Amino acid sequence: MTSAGNTEQTGAKPEQAAILMEIALKKTGVGFLHQSADMTVTLFGNLPVRLHRPGALVPDRGDLFGGDDDVRLTALKRAVLREQQPTATEVEVHYANEVVTYRVEIEPVAAGDGGGLLTVITDISDTLHRER
């Protein structure tokens, strides 16, 4: 398997690989948020529209869900930074007539790769609905 970041194997230039990765992310519905070790947002993309309007700024600290969910996620992120071990959780967001469930995966990022955290957010509502 070839990683888009490994341009030697793909033959793509770094700019081409980045564009291809962006297209792939849009097709999968996976959003990401990179935060430095002090929790400042440094990069984000393809966040779920219900959580983030395209073109809008992401809060400096990456608060997307609001209230207790963001408090819980911040504590998980701090634990990942401290222990350097990935974790995952689910967040349910209640809208007018539906509940949307997001899987939130938090990974430590090595200093050589920019350091900090990578948070991957995926809407898993359809998957959960099919399982029921």
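Going left to right, the sequence shown walks through residues -9 to 122 as my numbering numbers them.
All C-beta atoms in this analysis are idealised placements derived from N, C-alpha and C, irrespective of residue type, glycine included.
Computed from a predicted model, the values in this text were never measured in an experiment.
- Distance from residue 94 to residue 69 at the Cβ level is roughly 13 Å; contact not present, criterion being Cβ atoms closer than 8 Å.
- By the neighbour-count criterion, in which 16 or more other beta carbons inside 10 Å mark a residue as buried, residue 74 falls on the exposed side.
- Non-local C-beta neighbours of residue 26 in its own chain, meaning closer than 7 Å and more than five positions away in sequence, comprise 32, 105 and 106, ordered along the chain.
- Take residue 55, set aside five residues on each side of it, and the residues of its chain with a beta-carbon closer than 6 Å to its own are 81, in chain order.
- Assignment of residue 21 by DSSP, reduced to helix, strand and coil, places it in the strand class.
- Put simply, the backbone Cα of residue 67 is about 35 Å away from that of residue 1.
- Rounded to the nearest whole angstrom, the CA to CA distance from residue 51 to residue 3 is 32 Å.
- With respect to the 9 Å criterion, residue 38 and residue 92 are classified as neighbours on the basis of their beta carbons.
- Beta-bridge pairing by DSSP links residue 93 to 80 and 112.
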